[in-house]
Amino acid sequence: MTLTNQLKQAALAALNQLFPDAAINIDMIAVNETKPEFTGDYTLVLFPLVKLLRQKPDAIGKTLGDHLVANTGMFSGYAIVSGFLNLRVSDAFWISFLKKEGANAWYGNKAAKGRKVMVEYSSPNTNKPLHFGHLRNIFLGAAMSETLKVDGNEVVKANLINDRGIHICKSMIAWQRYANGATPESSGIKGDHLVGDYYVKFNDIYKEEIAALIAGGMDEKQAAKDAPIMLEAQEMLRKWEAGDKETYDLWQTMNSWVYAGFKVSYEKMGISFDKIYYESDTYLLGKKLALDGLDKGVLFKKEDGSVWIDLKEDGLDEKLLLRGDGTSVYMTQDLGTAKLKYDECNLNQSVYVIADEQNYHMQVLKLILKKLGEPCADGIYHLSYGMVELPSGKMKSREGTVVDADDMVAEMVNLARVQAEENGKTAGFSPEELRNLFNMIGLGALKFYLLRVDPKKKMIFDPKESIDLHGYTATFIQYAHARICSILRKEQRTIVPKPEDLETLVVHEELMALEKKLLRSLEHYPDVLSDAAAEFNPSSVCNYAFQLAQLFNTFYDVHSIAKAENEEKKQLRLAIATMTASVLRHAMNLMGIALPEKM
RNA sequence: GGUCCGGUAGCUCAGUUGGAUAGAGCAUCAGCCUUCUAAGCUGGGGGUCAUUGGUUCGAAUCCAAUCCGGGUCACCA
Numbered sequence: 006m007t008l009t010n011q012l013k014q015a016a017l018a019a020l021n022q023l024f025p026d027a028a029i030n031i032d033m034i035a036v037n038e039t040k041p042e043f044t045g046d047y048t049l050v051l052f053p054l055v056k057l058l059r060q061k062p063d064a065i066g067k068t069l070g071d072h073l074v075a076n077t078g079m080f081s082g083y084a085i086v087s088g089f090l091n092l093r094v095s096d097a098f099w100i101s102f103l104k105k106e107g108a109n110a111w112y113g114n115k116a117a118k119g120r121k122v123m124v125e126y127s128s129p130n131t132n133k134p135l136h137f138g139h140l141r142n143i144f145l146g147a148a149m150s151e152t153l154k155v156d157g158n159e160v161v162k163a164n165l166i167n168d169r170g171i172h173i174c175k176s177m178i179a180w181q182r183y184a185n186g187a188t189p190e191s192s193g194i195k196g197d198h199l200v201g202d203y204y205v206k207f208n209d210i211y212k213e214e215i216a217a218l219i220a221g222g223m224d225e226k227q228a229a230k231d232a233p234i235m236l237e238a239q240e241m242l243r244k245w246e247a248g249d250k251e252t253y254d255l256w257q258t259m260n261s262w263v264y265a266g267f268k269v270s271y272e273k274m275g276i277s278f279d280k281i282y283y284e285s286d287t288y289l290l291g292k293k294l295a296l297d298g299l300d301k302g303v304l305f306k307k308e309d310g311s312v313w314i315d316l317k318e319d320g321l322d323e324k325l326l327l328r329g330d331g332t333s334v335y336m337t338q339d340l341g342t343a344k345l346k347y348d349e350c351n352l353n354q355s356v357y358v359i360a361d362e363q364n365y366h367m368q369v370l371k372l373i374l375k376k377l378g379e380p381c382a383d384g385i386y387h388l389s390y391g392m393v394e395l396p397s398g399k400m401k402s403r404e405g406t407v408v409d410a411d412d413m414v415a416e417m418v419n420l421a422r423v424q425a426e427e428n429g430k431t432a433g434f435s436p437e438e439l440r441n442l443f444n445m446i447g448l449g450a451l452k453f454y455l456l457r458v459d460p461k462k463k464m465i466f467d468p469k470e471s472i473d474l475h476g477y478t479a480t481f482i483q484y485a486h487a488r489i490c491s492i493l494r495k496e497q498r499t500i501v502p503k504p505e506d507l508e509t510l511v512v513h514e515e516l517m518a519l520e521k522k523l524l525r526s527l528e529h530y531p532d533v534l535s536d537a538a539a540e541f542n543p544s545s546v547c548n549y550a551f552q553l554a555q556l557f558n559t560f561y562d563v564h565s566i567a568k569a570e571n572e573e574k575k576q577l578r579l580a581i582a583t584m585t586a587s588v589l590r591h592a593m594n595l596m597g598i599a600l601p602e603k604m
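When the letters of the first sequence are read in order and numbered with my numbering, they come out as residues 6 to 604.
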């Protein structure tokens, strides 16, 4: 149990003992870290107790403060400042904390909850390469998976590949018409990019054909329907669904190019999945669900044969689930996939990392499953995130205004190289080490940039103002870590903490303010992880790690570790520094960001 | 129009059960390397927390209304 919770419990027990007649509950006890301008470590707010106890806040504070100091052993003193009880945590508490957790490389991990969670993320279409917007999704999903793991959940990382549908046929048609049989091998273009090029080509031709039809006197709406290339794409989709061999072969071939391309991208980013679903495998499952729903009377059929669900009672609209011709729509597939995931993996929760433009879709998905009586409905959680936009507005792959993911990764790694060279930081490294280092820094900066913001807020990314490597960045945290490692190397200490190093720790002198602040921050870490998991918000982990690194840098500047005032202090500071590095590593590891030992 | 989300320093953002004088980073200005890595540290300037009203000991935080920006409401995915 962390200090904040211990304090709340202790205060509750104390108040119940001191004021047996008053009905005090834990919610009335508000505890915060003491603001820097006051002396103390933790502050208990007295105002909420005033009415109930019918005493002045300062009087309550004195009674409670005396009792806590005398009975808990956690506090060495207190001060009351206008209604706030500022408690000073005893040095003994901090030292015993450091001895207990200082060599625990898994500090922050919670006990297993026997709970299984699937996190679906990335979920790309196979008609184009990944772009910057996908990166937010991917990093968020990966970071959230790891955060849920250390919170005690068993996590299945899943990727649902959208490999079928009209948009896939568009790339295929354009490739057939214009590629002259070009392959990734023959063209030297990465498979996903090659296919994406033909998706863009389709839209260019489509626009031209519409323009030609309009010039011939057709109205715009009709032209959009009648453009030959669109008709060809639709015909191709029908052939695909009918299992036409030639179409199917082309589809498999082009998809295989895309998968090979994605594999390279994912590996470069350090992203992996436990389970991969293909919509081409799952899209028929929803259909059965819909037909069963029809039998049960949950759904209804219109005159043209289309199947709908009426959600008007729930403040929503009617929603189509099967077209007049019996084919399924996006929602129908998702119903099937949701059930499949649940039945196959025996999940307690199924998390979907999907952009906020699909909030309504996800709301409807959950509601329909509920009405169909599917148990998977309750476990669905939509981790909704804001889209990444350019200063000029949304990225549109059809118009080629996207920032490509592979390019972005390469640019960041290059930026890391350029800045290291400019600062003369490349001495003493082998070429191989430098490659690794620039990867860590470039990729770390990119991941941190996308993860440090609250997921639900949309973000605007200006490619011209490339991502900074100073200030609130992964680089800053990496640098603090490398500094600590440098000290540990020189002191013949291991980077990974060893329990033996803590056994001999003795502290006679009073802890200094910055020593205590670091310990307070370290002690708080498990709560940060719990909150991040509960709120589905990894940005709080980023925030915490940055603050911890910042605090360490201040400490580093003010106090020497290697040349501490005496041997006791030195041992203490080495232990604090070691644990700081360990926690930074733990936190950043959850975000998928590696920390170098030298930089 | 219905509905959902957002509006905090010039810019990008923290600020979660209501708590003390609203905090970081970037940018800008002034300092700090013979001392454990200056990709760092210290300090200055910079705010009607969109607006108005309400709830109370106390509101950036809760409630209502308004303004602004965005998403969504397809036999698209």
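We put the beta carbon where it would ideally sit given N, CA and C, even for glycine.
Scanning the region 36 to 70 from its first residue to its last, the whole alpha helix (DSSP H) runs of 4-plus residues come out as 52 to 58. When rounded, the separation of the alpha-carbon atoms in Asp96 and Phe541 is 34 Å. Pairing Lys430 with Arg169, the inter-Cα distance amounts to about 48 Å. Considering only Ala360, Arg488, Val423, the residue with the shortest C-alpha distance to Lys462 is Ala360. Rounded to whole angstroms, the gap between the alpha carbons of Lys452 and Asn351 is 31 Å. Between Asn114 and Gly45, the C-beta gap is not smaller than 9 Å, which leaves the two residues out of contact. DSSP, reduced to helix, strand and coil, places Glu308 outside both helices and strands of the structure shown, so it counts as coil. A buried status is given to Thr252, since no fewer than 16 other beta-carbon atoms sit within 10 Å of its beta-carbon. Straight across, the Cα-Cα distance linking Thr478 with Leu103 is about 28 Å. For the pair Val418 and Leu448, the CB atoms are nearer than the 9 Å cut-off. Membership of Phe541 in any alpha helix (DSSP H) is not indicated, and neither H nor E is assigned to it by DSSP. Runs of the beta strand (DSSP E) lying entirely within the region 233 to 290, each at least 3 residues long, are 280 to 283 in chain order.
Annotation note: the region 427 to 462 contains the following uninterrupted alpha helix (DSSP H) runs of length 4 or greater, listed N- to C-terminal: 436 to 456. For Gln576, the enclosing alpha helix (DSSP H) covers residues 572 to 595.
In this structure, the alpha-carbon of Lys121 lies about 5 Å from that of Glu159. Here the C-alpha atom of Val512 lies approximately 11 Å from the C-alpha atom of Asn571. The region 390 to 397 makes no contact with the region 331 to 348: fewer than 3 CB pairs, one atom from each, lie closer than 8 Å. Counting along the chain, the unbroken beta strand (DSSP E) around Gln354 starts and ends at 354 to 360. The three-state secondary structure of Trp180, taken from DSSP, is helix. If you draw a straight line from the Cα of Ala569 to the Cα of Cys381, it comes to about 59 Å. Using a Cβ distance threshold of 9 Å, Phe137 and Met445 do not count as a contacting pair. Counting only residues of its own chain and dropping the five nearest sequence neighbours on each side, Tyr454 has a CB closer than 7 Å to the CB of Ile472.
Using a C-beta cut-off of 8 Å, the region 365 to 383 makes no contact with the region 191 to 203, since fewer than three inter-stretch Cβ pairs fall below that distance. When Cβ pairs closer than 8 Å are counted between the two stretches, the region 258 to 276 is seen to touch the region 128 to 137, the count reaching three or more.
The three-state reading of DSSP puts Lys121 in strand, counting E and B together. Two segments are said to touch when three or more pairs of C-beta atoms, one from each, lie closer than 8 Å; by this definition the region 179 to 189 does not touch the region 146 to 156. Classified as buried, Asp339 has 16 or more neighbouring CB atoms from the shown chains inside 10 Å of its CB. In the three-state reduction of the DSSP assignment, Lys568 falls in the coil class. Straight-line measurement puts the Cα of Leu145 at about 11 Å from the Cα of Tyr357. Nearest to Ala415 by C-alpha distance, out of Gly476, Ala554, Met274, is Met274. Our two residues, Val458 and Ser535, have alpha carbons roughly 18 Å apart in a direct line.
Excluding five sequence positions before and after Ala518, none of the CB atoms of its chain fall closer than 6 Å to its own CB. Cβ contact annotation for Tyr549 (same chain, cutoff 6 Å, sequence separation greater than five): Val533, in chain order. Sequence-distant partners of Phe278 (beyond 5 residues in either direction) whose C-beta falls short of 7 Å from its own C-beta, in its chain, are Lys162, Ala163, Asn164.
For Trp99, the secondary structure class from DSSP, reduced to helix, strand or coil, is helix.
Beta-bridge analysis with DSSP links Leu90 to Leu49, Ile85.
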